[in-house]
Amino acid sequence: MTPHYFLYLATILFAIGLLGITIRKNLFVIYLSIELMLSSVNIILATFSKASNSQDGSIMALLMIAVIASEASIFLAIIVYLYKSTKTIDTETFTNLRNEESI
Amino acid sequence: MLESIIFSILALFLIIGAISMISFKESVYSAISFLLVMIATSGIFALLHQSFLFLAQILVSVGAVVTLSLMIITSINIKKENLPKHRVSFKSVIFSIILISPIISLIFYAISSLDIVFKEVNNSFGTIESIGKTLFSNWILPFEIVSILLLSALIGSIIISKRRLNI
Chain W
1109 MTPHYFLYLA TILFAIGLLG ITIRKNLFVI YLSIELMLSS VNIILATFSK
1159 ASNSQDGSIM ALLMIAVIAS EASIFLAIIV YLYKSTKTID TETFTNLRNE
1209 ESI
Chain G
5 MLESIIFSIL ALFLIIGAIS MISFKESVYS AISFLLVMIA TSGIFALLHQ
55 SFLFLAQILV SVGAVVTLSL MIITSINIKK ENLPKHRVSF KSVIFSIILI
105 SPIISLIFYA ISSLDIVFKE VNNSFGTIES IGKTLFSNWI LPFEIVSILL
155 LSALIGSIII SKRRLNI
């Protein structure tokens, strides 16, 4: 086993997450895609940590897990708030910043 | 040999879980596919001798993040007519693949030109003891910054869920 397999796998996961953000309109799927991209970065950090025989990459991945947890709490609070006020999770609805008269 | 068989099974689970996550229409099925992805990711960590990361991934990502997402999805109870109306068209998928293919092919090219191999690691690599020693000697400042980040995320989520505003 060389590190390249792990890096290719993480890149494929990152590509799937990016594809999910660009093609879907559901807020939950966008949130899960962001989580998927962050986890693929974690795989890359752990791989380089083992390849260089140093603990620093593992520590960075550990701190990334804390960042993922805080991002999840904020994003889910925003989703609940948006659903309560508009009764939809379609991203086409939230166009306040796109309207030209509001600029 | 055994390592590559386990890696192939985990990679299969990861890719199937990720593709089904972005293609299901119902949010609950997407979250359950994401659970599969997270468990397979912790398996990848175990394959890389990162025993503490494996534990943290199971505890935080599977135990907290996915469970919280499933709880939010089932508690706000989205009706079928409130989901996004239009289907994902074939044209938008092709356009998105064309859009993201340059950066992904660049990353693939960079990985294929890398010249690294896995060295033999000693037994204490990735255990709680050695990670704790490194975390509290060289990485103490990032650790404190992450604690401030978690506190601000706590306060921010409370404030967002308290306010009333009409969009």
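Heads up: the protein sequence lines correspond to chains W and G, in order.
Read left to right, the first sequence gives residues 1109 to 1211 (my numbering).
Read left to right, the second sequence gives residues 5 to 171 (my numbering).
Cβ atoms here follow ideal geometry from the backbone N, Cα and C, with glycine treated the same way.
Computed from a predicted model, the values in this text were never measured in an experiment.
For the alpha helix (DSSP H) that contains residue i, what are its first and last residues?
i	result
Val-121(G)	That residue, Val-121(G), is in no alpha helix (DSSP H); it is neither H nor E in DSSP.
Phe-11(G)	6-27
Gly-67(G)	It is not in any alpha helix (DSSP H) - Gly-67(G) carries neither H nor E in the DSSP assignment.
Ile-149(G)	144-166
Met-1109(W)	Here Met-1109(W) belongs to no alpha helix (DSSP H), and DSSP marks it neither H nor E.
Lys-137(G)	132-139
Leu-39(G)	31-51
Ser-55(G)	55-60
For residue i, which beta-bridge partners are listed by DSSP?
i	result
Tyr-1134(W)	Sequence check: residue 1134(W) is Asn here, not Tyr. Answer by DSSP bridge pairing, in chain order: Asp-1198(W).
On the CB-based measure, 16 or more other CB atoms within 10 Å of its CB, does residue i come out buried or exposed?
i	result
Glu-7(G)	exposed
Phe-99(G)	exposed
Leu-1115(W)	buried
Ile-13(G)	exposed
Asn-1134(W)	buried
His-90(G)	exposed
Phe-140(G)	exposed
Asn-127(G)	exposed
Asn-142(G)	exposed
Lys-1158(W)	buried
Ser-117(G)	exposed
Step through the CB atoms of chain G and report whether any lies within less than 8 Å of the CB of residue i.
i	result
Leu-1121(W)	yes
Asn-1207(W)	no
Between residue i and chain W, is there a C-beta pair that is closer than 8 Å?
i	result
Thr-45(G)	yes
Ala-35(G)	yes
Glu-7(G)	yes
Ile-48(G)	yes
Ser-117(G)	no
Ile-108(G)	yes
Ile-144(G)	no
Leu-52(G)	yes
Ser-141(G)	no
Leu-40(G)	no
Leu-57(G)	yes
Ile-111(G)	yes
Ile-152(G)	no
### Task
Anything in the region 1123-1155 of chain W with a Cβ closer than 8 Å to a Cβ of chain G? List those residues in chain order, please.
Ala-1123, Ile-1124, Gly-1125, Leu-1126, Leu-1127, Gly-1128, Thr-1130, Ile-1131, Arg-1132, Lys-1133, Asn-1134, Phe-1136, Val-1137, Tyr-1139, Leu-1140, Ser-1141, Glu-1143, Leu-1144, Ser-1147, Asn-1150, Ile-1151, Ala-1154, Thr-1155
### Task
Taking only beta carbons into account, state which residues of the region 119-139 of chain G come closer than 7 Å to chain W, listed in chain order.
Of all residues in the region 119-139 of chain G, Ile-120, Val-121, Phe-122, Lys-123, Val-125, Gly-130, Ser-134, Ile-135, Thr-138, Leu-139 have a Cβ within less than 7 Å of some Cβ in chain W.
### Proximal residues, the region 89-106 of chain G versus chain W, C-beta separation under 8 Å
Lys-89, His-90, Val-92, Ser-96, Val-97, Ser-100, Ile-101, Leu-103, Ile-104
### Query
Mind listing which residues of the region 63-92 of chain G have their C-beta closer than 8 Å to chain W's C-betas, in chain order?
Val-64, Ser-65, Ala-68, Val-69, Leu-72, Ser-73, Ile-76, Ile-77, Ile-80, Ile-82, Asn-86, Leu-87, Pro-88, Lys-89, His-90, Val-92
### Query
Using a Cβ cut-off of 7 Å, which residues of the region 11-31 of chain G contact any Cβ in chain W, in chain order?
Phe-11, Ala-15, Leu-18, Ile-19, Ala-22, Ile-23, Met-25, Ile-26, Ser-31
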